[in-house]
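Student: Provided herewith is a single structure, encoded as structure tokens, for subsequent inquiry.
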Amino acid sequence: MQQYPHPFSQAAKLDSRITLPRPIYDPDLVQILDASNIPEEFDLDLMRGISKEEHQCAHGDAETMIFNAHTILKDKPYLLHKEHKIQGPDQNTIILSVFTPKESSQTPRPVLYHMHGGGLVSGDRFTALTPIIDLLEGIDCIVVSVEYRLSPETPQPGPSEDCYDGLVWISKNAISLGIDPARIVLFGISGGGIVATTVCLMARDRKLSSIPIKGLMLYAPQLDDRCETLSDQQFEYGNPTSTKWVRACWDLVLPNIRGTDEVTPYHAPARAEDYSHLPSTYIDAGECEVLRDQAVSFATNMWRCGSTCELHIWPGAYHIFEMINKPDNLLIQSAKAAKRNWLQRIMAARPKIQVAEPEIVGHDGQ
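In my numbering, the protein residues as written are 964 to 1329.
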């Protein structure tokens, strides 16, 4: 499989196919960027880590670390892990990993409900979870990560329905899990942004609970199947996560309907027209990545409909650039600090108010 022939930092100068002006990569990120070894052509086996080719996956962890329950607990010894299996929308089994602080709490804790990246075609509930938990430093909370079905074996909206059922389960079992049902925050990274955002739309439309979702964090989210924005055009070539790769993922997620009028907001959330009554949202992306303008457009539409959103576009940055932790890199540390700050604010306890008992609605209406 042929690797991209130029250093990514020099692509705009050396690749004759790149004709549109585009922002330059941050000089302090160039060494990391050019160390990427990614083929031009999409490879599902590579994304799933089963290819024999010596390439780094465009959606994988930048430090090629292994993530599972054991490695996460080794890095975070203050947590306990418990696995729960629930029935999914198609009689499938959904696995939820619950990470709870060992230290007991007299009051219910907020929860981060995590939906992993991988373009909806790769990854699992542990993928890159350790650096996500790092963002919660200083916050006494629980983390729940969901194992949703992947495409092409299960096209959209199957993965989103799995994640929705996971949210229903968290809501129903909040008391026994030690979770405050008024402080449920959804987190979606990259392709996980598809399902995290869709779950918010489903919860709103299906009136999941009288206690609304508290917040939604979208980290470099994949939201629009059409792949027609300016940033899609700018980074078709010469980018670790190119438009070609993102488009290929969508083709597997939405077989035979990608880019057509058959695609609904439950397939690709950027297809929504109504962005009202969504939870407080944080969105960020790199200035030099395909998904930049999808993030900007989604935030703009939230504001248009009266919802609230904090938006960050990091100058000179590429897709999930901060997954490599460089303490001396101010841009990486700024991006991490902004997320931590938002999570601290959104998960903070509020004065108690009287609320009605939540009415939980699942697929069977029960």
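C-beta atoms are modelled at their ideal positions from N, C-alpha and C, and glycine is treated no differently.
Everything numeric in this text was worked out from a predicted model, so none of it was measured.
With a threshold of 6 Å on Cβ separation, who are the neighbours of W1213 within its own chain once the five nearest residues in sequence on each side are excluded?
Tutor: The residues are D1188, R1221.
Student: Leaving out five residues on either side along the sequence, give the residues of the same chain with a beta carbon under 6 Å from the beta carbon of G1023.
Tutor: Any reading at G1023 needs caution, since the residue's pLDDT is 39, under 50, leaving its predicted position unreliable; the model's value is listed next. Around G1023: no qualifying Cβ.
Student: How about the region 1076 to 1086 and the region 1150 to 1162: do they share at least three Cβ pairs that are nearer than 8 Å?
Tutor: yes
Student: When we look at the beta-carbon of A1025 and count the other beta-carbons within 10 Å, is it buried (16 or more) or exposed?
Tutor: Residue confidence is low: A1025 scores 38 on pLDDT, short of 50, so the model does not pin down where it sits. Its coordinate-derived value is still stated next. Looking at its Cβ environment, which holds 16 or more other Cβ atoms inside 10 Å, A1025 is buried.
Student: Distance check for H1044 and F1062, CA to CA, integer angstroms please.
Tutor: 5 Å
Student: Which residue wins for smallest C-alpha separation from D1256, given the options I1152, I1029, F1198, P1242?
Tutor: F1198
Student: So what's E1100 in DSSP terms, helix, strand or just coil?
Tutor: coil
Student: Taking the C-alpha atoms as reference points, what is the distance between N1219 and E1191?
Tutor: 18 Å
Student: Look at the alpha carbon of L1181 and the alpha carbon of L992, and state the distance between them as a whole number of angstroms.
Tutor: 22 Å
Student: Measuring only the C-alpha atoms, how far is D1143 from G1178?
Tutor: For D1143 and G1178, the distance between alpha carbons rounds to 13 Å.
Student: Going by CA-CA distance only, name the one from Q1119, P1120, K1170, E1252 that's closest to V1131.
Tutor: When the alpha-carbon of V1131 is set against those of Q1119, P1120, K1170, E1252, the nearest one is in K1170.
Student: So the beta strand (DSSP E) C1190 belongs to, where does it begin and stop?
Tutor: No beta strand (DSSP E) holds C1190; DSSP gives it neither H nor E.
Student: Which residues in the same chain have their Cβ closer than 6 Å to the Cβ of N1031, if we skip the five residues on either side of it in sequence?
Tutor: F1089
Student: Whose CA, out of H969, R980, A1311, lies closest to the CA of R1146?
Tutor: A1311
Student: Kindly indicate which residue of D1247, L983, Q994 has the alpha-carbon position closest to the one of F971.
Tutor: Q994
Student: Quick one: what's got a C-beta closer than 7 Å to A1211's C-beta in the same chain, skipping five residues either side?
Tutor: Taken in chain order, the residues that qualify are F1005.
Student: How many Å lie between S1297 and P1290 at the Cα?
Tutor: 10 Å
Student: Would you please state the rounded distance, in angstroms, between the beta carbons of I1176 and A1166? I believe it to be under 8 Å.
Tutor: 6 Å
Student: Starting from P1144, follow the beta strand (DSSP E) in both directions and report where the run begins and ends.
Tutor: 1142 to 1152
Student: Leaving aside the five residues before and after E1017 along the sequence, list all residues of the same chain whose C-beta is less than 6 Å from its C-beta, in chain order.
Tutor: With a pLDDT of 44 at E1017, under the threshold of 50, the modelled position of that residue is not reliable, and the figure given next carries that caveat. Closer than 6 Å at Cβ, skipping near neighbours: no residue.
Student: Measuring CA to CA, which of H1230, S1139, Y1200 is closest to P984?
Tutor: Y1200
Student: So the candidates are A1280, A1137, H1240; which of them puts its Cα closest to the Cα of G1331?
Tutor: The question about residue 1331 has no answer, for the chain in this structure spans 964 to 1329.
Student: Where P1228 and F1261 are concerned, what is the direct C-alpha to C-alpha distance, given to the nearest angstrom?
Tutor: P1228 and F1261: Cα-Cα distance of roughly 12 Å.
Student: Under a Cβ-count criterion, where at least 16 other Cβ atoms within 10 Å of its own Cβ denotes burial, should K1302 be classed as buried or exposed?
Tutor: buried
Student: Which runs of the alpha helix (DSSP H) fall wholly inside the region 1199 to 1276 and span at least 4 residues, in chain order?
Tutor: If one requires a minimum length of 4 residues, the alpha helix (DSSP H) runs lying completely within the region 1199 to 1276 are 1206 to 1216, 1255 to 1267, in chain order.
Student: Helix or strand or just coil, what does DSSP make of F971?
Tutor: helix
Student: Looking at the secondary structure, which residues open and close the alpha helix (DSSP H) in which E1124 lies?
Tutor: 1121 to 1135
Student: Does the distance from the C-beta atom of V1209 to that of P1118 stay below 8 Å?
Tutor: no
Student: Please state whether the Cβ-Cβ distance between E1124 and D1087 is less than 8 Å.
Tutor: no
Student: Roughly how many whole angstroms lie between the Cα atoms of L1164 and F1150?
Tutor: 14 Å
Student: Have a look at T1093 and Q1307 and give me their C-alpha separation to the nearest angstrom.
Tutor: 18 Å
Student: Give the DSSP-derived three-state secondary structure of Q1019 in the structure shown.
Tutor: Confidence is the limiting factor: at Q1019 the pLDDT is only 45, short of 50, which leaves the residue's position unreliable, though a coordinate-based value still follows. Residue state, collapsed to three classes: coil.
Student: Is the CB-CB distance between G1154 and G1082 below 8 Å?
Tutor: yes
Student: According to DSSP, is K1289 helix, strand or coil?
Tutor: coil
Student: Using the C-alpha atoms, what's the distance from D989 back to Q1185?
Tutor: Distance between the alpha carbons of Q1185 and D989: 22 Å.
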